[in-house]
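A quick write-up on the structure given underneath.
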Amino acid sequence: MGLSSIGTANEEGVQLCIFDLRRGQREGQELDKILYFFPADLPLSSQLSVIGLSEGLITFTRIFSPDAACEVIEAERHSHVFYEAEPDIWMVMIVAKSKEAEAIWRIDALREVLKEIHSLFVMFHGCIRTLLDKEPGGGLTRAHLYPFVMDYLRDFLFGKKLQLPSFRDCLKERRTVQMLTVGREAAIEVQTLVRILESSAGNMPCFSLILFQDLLVSTTLSPEDTINMFTYAVLRLTPLALFSGAKSWSYLRKGNSSSHVSTGSTLFSTGSVLEQFYGSRDASPAGDNRYHVTRPLQHDKWFKGKDGFLVTDIWGGDIGSLNVTTPTVWLQQTEERMYLCAYQYKSLTLILLIPLSSILNGDQGVSIVKQQLLENASLKILKVEEKLSKGWGGENAYHVSGYRYLLVNGNRDISRASPPAKVTTLAKESLLALNKLREEVDAEKNRAKWDNPGREKDLEVCIRVKNNAWAIACITGGKELYMVLEKANETLLYASDAVEKFSNRYCNGAFSLD
Amino acid sequence: MAGKASSSQTSVGGLGSGAVSHVFIHYPPLRCNIPGSRGFYYDDGNKLLISPTSDQVFSWKTVPFSPNAAPNIDSITEGPICSIRFSLDEKLIAVQRSNTSIDFLHRETGEVFTHRCKSESESILGFFWTDCPSCDIVVVKISGLDLFAYDHASKSLALVETKKMNVSWYVYTHESRLVLLASGMQCKSFHGFQLSSAGIIRLPKFEMVMAKPEANSKPVLASEDVYIVTVYGRIYCLQVDRVAMVLHSYRFYRDAIIQQGSLPIYSSKVAVSVVDNVLLVHQVDAKVVILYDIFSDSRAPISAPLPVLLRGFSRSDSFTSRPSTKESESLQASDSNDNESIVYGDGWTFLAISASSSEIPSVLEFLQRRKLEANKAKQLCLAIMQTMILECRPITMVAKAMDVLVTSYAHSLKTGTYFKGIKTERTPSSVSNVSGSGQVIDVNTGRTDGLGKSLQRESAPRVNSVSASDTEDSSSLEPSKISSNDTQFDGGKVDIGAESCTTGNPLNASVSDQQESQLTSPAISPDEMYKFVFAPIEEEMIGEPSYLVAIILELFRSANLEKVKVHPNLFVLTIQLLARSEQYAELGLFVINKIIEPSKEVALQLLESGRQNFQIRKLGSDMMRQLSLHQDYVLLLVQDGYYLEALRYARKHKVTTIRPSLFLEAAFTSNDSQHLAAVLRFFSDFIPGFRSTSDFFTYYHILNEMNSSSVVA
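Protein sequences, first through last, are from chains A and B.
Residue 504 in full-length UniProt numbering sits at position 504 of the first sequence, and the numbers go up by one each step.
Residue 538 in full-length UniProt numbering sits at position 538 of the second sequence, and the numbers go up by one each step.
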């Protein structure tokens, strides 16, 4: 069986599967392995052959590298991206390659998508393994995974096509947080607000996250939880996410939500039969209804209430009567379930996370906390919003003229990049060159990670592109800087000067080494 | 005005420690035995206590008050004495003999000349000396004011100016330089003049409010019912309305007199005095004193009424020429014996009172305005602050308290009073000049709505109104005669300030507590805040790291607002606290957003606290680099095993102080012969003579061994 046979049903599309290597090891029970498959309407036999191939490759590569089996398989027309989300639970994404369709990928960027799906899933539903242990039949897990991933993928839907991050997104970094730069005075105000917010819950240990527009202002969560909560907030909670139709400039929401309604249905609704299959594979006549599944990524489900708090009926209840169940999330840091309270004032979104265990009377207790929050923090919120708005330079605030850049601080999982509108002015050739360069850097980084774990590698590459642009990558002390300089002088000295200048001006000289 | 002396000022240690004392009587009292004394007079211009006999004048300096001081004795001619005042240079003694004549005695020569009214119909109500440039003495008559200059050569008075008006009676205090002249049927119409070294200002005529007991009766205002008081450099007039049983207050501006509201009174007999800018209303019949701080918006007393003990006492006027300006000295004379008097100097202290109040931020505000016992007020503020934190009071309350202290410090810094006591270099005070002249335009343009404007000012937020007392403090730094006195500009309103505690003018020094302590301001600097508030409680607050961080944050906020630097150790403490409670996310934000300001100490603490957290350590090393602490940074890189990067960095920033063996050792431990070779090569190339050092030979040898062993393997 060749790789080419896989794509027949979905020639140019994307396949994404999640499977468990510990399941379906006996002949005739292979279907047990499948926890999720996209597109769902692919015949089960084809699904099995995709998973079978992946499993085979994993088993084979584990012989040489038991701790880290294969990461990617590059076939002639497809790339297979592997990600071991949890021990023996794998996610595999298969994308077709095609120059004409702009289907040129950076593998690490695709893997970040898989990571994101998994991390978000865990934040809402807990580990996949835990779900599987809870109900060994797998029905519960499938019933959760299917709508979740579908809702997630909808964000990548343009027309009838899924548009995954391609070379055009090479100046973006998924799984990082974008931060608002604030002055000392505003920062102090924000931090005092954080204290007030967290004191609203009395003596309970709680956490908070503050966003301005789609940028993070403050967090008290661990880095990993911050990324997840930030991602969810930007996807569904910030003002720009809330008012669908509003144009977003964050890469996290590239889809145009109106398209979901019209054309999105064709791709996803064809699976309705199979949806039933996924939901009811255990031959339960009740189908979907057997499980109470919340769909936190569902679109257009969050609203801003009159009191400024964001409400949703995703977790149950009736939005009309405002008698809704408070959303909950699971934090990795504390390994605890938390109530999620989101409050919005103008561009400011505040998220307060309170442990379930510390509130005895559920939703009633939460509303007391909310009341407290309003009483204690309202004035401060007003003040902070005003301060931040005053200092806010608009969506092009972080544009540096002449440069198209991406700055990643790997130590803190923070990134900052040229605004997307500015990046689109770059020639395709420049982007392709940088994409290629990034692939090389990714490979180099991965190699260094294996050769010398725990050590950071410094690296600097400047490439002259055919269209006379410079594609530059600098890595030092865990920080990465990628940039494209078009219409630039041809000397290498010029290019490294440009980096030096940028570094001194915007990176505290982090990249000014020689 | 005697008070009960259950003296205990030792309440500094804690809040509400049950201190009840409000009066502290200086002991021993001044005892004097003057045969034939005709009573006591108080000369507020020179702060002299005067006791004349038929042919002699005994005088004591009351500031500084010393019970053992012997009186000065001057001989005068015999005759009746209506009032007696020394000239401001104390060379002359003026004695009013009748309502038509005043005798002048030259103290050195003993010469005497007499000034008489021109016509018999004129009657002298009184007189006072002035430091006004154009005249030396002002005589108040029923027909108006006569301003005279004293001619040293001819030893006589020369009439400078006459201001004609009907005068029923007058009040004057030297502190305010203000004379109020009552006229009219009810004596409630007033003319006012301020005669200061800046010149003569004529105030607009105004009427005082009097309630009518019945439809047809019209009460007459008496001079005993009007007091001029000076509080925080502002001049007020307090008027007793016996019918309504209220005390009306008026504030004087250069171009307006504005009623400020009323205080209730509980006694038909009321005396008013000011101690350390606190208004004391002595309700004589009720035998209590009620204290008000006019500065704050509230008209509520600052403490519960305090008891007054009166002993054989008629009325304070009998001892002092004007009762309303007793300053810090309240006097008591026992007139049971004509020949013997006991005078006590009372030092009022409000510290104990304020410690028992529950509104802590306003207490601190009150204490910060104290001038008399600045040091004690300061100690008390520090103690209150510390106690608040230890007791984990609500953050908002502590924040307010913080604001009070920081604002007060910033203010004292601006006006220079903070440094006055500390004797360091003074900050140039050109600021007040600039803002002053900038406001002049406002005065002119704003004159049309002057009244409304000044009313508005009164209700303005406190930060603004603080500037009102600015003038008092700032003047002390300015050398010019004009600004050291009475006319000051204040927020678009020309304000008649009172005589201020000018250090350059000993005659006028109104409130001086130099014998008490060197401090003139209870303001607390950030260093003191750290040393006396945070450092001592650090240990005790270990259990509440996030509370303490919240408090420190509030301090940062206030300090930032007032552009005051905080103590660098507070940054280090903040890092320790956040790291201890593993709040690394916050700590990161604190550093990135420079809430914690970068410094070497901070960087080192980040490295230390970063042992448990890689991200924090990274912030520390980044800070090292950004602060250009090149040598430390290179050492850090070598320590962490980044010796090649360290070499690169050392070369770029010309760090030559680190021994090559450190790098070689690091390369050797990494067990990479290529790297070791590279490091050797580096030093051979860049350090002249390196090839002949023992380091070179040692590591060259090691390198050869490494290479040969790898070949064998």
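Quick reminder that beta carbons are idealized off the backbone N, C-alpha and C, glycines included.
Asked: By Cβ distance, which residues of its chain are closer than 7 Å to S430 of chain A, with the 5 residues on each side in sequence left out?; Found: V465, N467, A469, A471, V484, E486
Asked: Going by DSSP, what residue range makes up the beta strand (DSSP E) through C474 of chain A?; Found: 470-476
Asked: Might you give, ordered along the chain, the residues of its own chain that have their beta carbon closer than 8 Å to the beta carbon of P239 of chain A, omitting 5 neighbours on each side?; Found: Q213, A246, Q344, K346, S347, T349
Asked: So, under 8 Å CB-CB, M179 of chain A and I414 of chain A are touching, yes? Tell me the CB distance rounded to an integer number of Å.; Found: 6 Å
Asked: Could you check what DSSP says for C462 of chain A in three-state terms: helix, strand or coil?; Found: strand
Asked: By a C-beta neighbour count over all protein chains shown, 10 Å radius and 16 as the cutoff for buried, is S154 of chain B buried or exposed?; Found: exposed
Asked: So, helix, strand or coil for C82 of chain B, using DSSP?; Found: coil
Asked: Per DSSP, L406 of chain A forms a beta bridge with which residues?; Found: A:A417, A:Y482
Asked: On the criterion of 16 or more Cβ atoms from any shown chain inside 10 Å, does L238 of chain B qualify as buried, or is it exposed?; Found: buried
Asked: Going by DSSP in three states, L647 of chain B sits in which element: helix, strand or coil?; Found: helix
Asked: Take residue 597 of chain A as the anchor and find which of B:N671, B:N613, B:S121 has the nearest alpha-carbon.; Found: Since the first residue of chain A shown is 1 and the last is 514, residue 597 of chain A is not available in this structure.
Asked: Is the shortest distance between the beta-carbon of R691 of chain B and the beta-carbons of chain A less than 8 Å?; Found: no
Asked: With a 10 Å radius around its C-beta and 16 neighbouring C-beta atoms as the bar for buried, classify R416 of chain A as buried or exposed.; Found: buried
Asked: What are the boundary residues of the beta strand (DSSP E) that includes A96 of chain A?; Found: 89-96
Asked: Pick out the complete alpha helix (DSSP H) segments inside the region 578-606 of chain B, 4 residues or longer, and give them in chain order.; Found: 584-592
Asked: For F207 of chain A, list the residues DSSP reports as bridge partners.; Found: A:L353
Asked: Going by beta carbon distance, what residues of the same chain come within less than 8 Å of I142 of chain B, once the five residues before and after it are set aside?; Found: E122, S123, L125, N166, V167, S168
Asked: What three-state label does DSSP hand D136 of chain B in the structure shown?; Found: coil
Asked: May I have the straight-line CA-CA distance separating K501 of chain A from I188 of chain A, to the nearest angstrom?; Found: 30 Å
Asked: List the residues of chain A whose Cβ lies closer than 8 Å to the Cβ of Q626 of chain B, in chain order.; Found: N508, G509
Asked: Tell me which residues share the same chain as V81 of chain A and place their Cβ nearer than 6 Å to its Cβ, disregarding the 5 neighbours each side in the sequence.; Found: V72, M93, I107, L110, R111
Asked: Hey, A286 of chain B and Y418 of chain B: beta-carbon distance below 8 Å or not?; Found: no
Asked: Check whether chain A comes within 8 Å of G192 of chain B, counting only Cβ atoms and requiring the distance to be less than that.; Found: no
Asked: For M397 of chain B, is the classification buried or exposed, using 16 other Cβ atoms within 10 angstroms of its Cβ as the cut-off for buried?; Found: exposed
Asked: Quick one: is F686 of chain B near chain A, going by C-beta distance under 8 Å?; Found: no
Asked: If you follow the beta strand (DSSP E) that M338 of chain A is in, where does it begin and where does it stop?; Found: 336-345
Asked: Please go through the same chain and pick out, in chain order, the residues whose beta-carbon is closer than 6 Å to the beta-carbon of S465 of chain B, but skip the five residues on each side of it.; Found: Low local confidence applies: a pLDDT of 31 at S465 of chain B is under 50, so the model's placement there is unreliable, with the coordinate-based value given in what follows. Counting only Cβ-Cβ distances below 6 Å, and skipping sequence neighbours, we find nothing.
Asked: Give the C-beta separation of W105 of chain A and V95 of chain A to the nearest angstrom, bearing in mind that I take them to be a contact with Cβ-Cβ under 8 Å.; Found: 6 Å
Asked: What separation, rounded to the nearest whole angstrom, lies between the Cα atoms of A355 of chain B and K531 of chain B?; Found: In this predicted model, A355 of chain B has a pLDDT of only 44, less than 50, meaning its place in the structure is not dependable enough to derive any value.
Asked: In terms of DSSP beta bridges, what is K163 of chain B paired with?; Found: B:L145
Asked: If you draw a straight line from the C-alpha of V122 of chain A to the C-alpha of S65 of chain A, how long is it?; Found: 27 Å
Asked: For a test of the three-state rule: what should DSSP assign to P568 of chain B, helix, strand or coil?; Found: helix
Asked: With a 10 Å radius around its C-beta and 16 neighbouring C-beta atoms as the bar for buried, classify Q364 of chain A as buried or exposed.; Found: exposed
Asked: Can you list, in chain order, the residues of the region 547-580 of chain B whose Cβ is nearer than 7 Å to any Cβ on chain A?; Found: A550, L553, E554, F556, R557, N560
Asked: Which residues of chain B have a Cβ atom closer than 8 Å to the Cβ of D214 of chain A, listed in chain order?; Found: Per Cβ cutoff of 8 Å: no residues; D214 of chain A is ~18 Å from chain B at best.
Asked: Who are the neighbours of A585 of chain B on chain A, taking C-beta pairs under 8 Å?; Found: T219, T220, L221, S222, P223, T226
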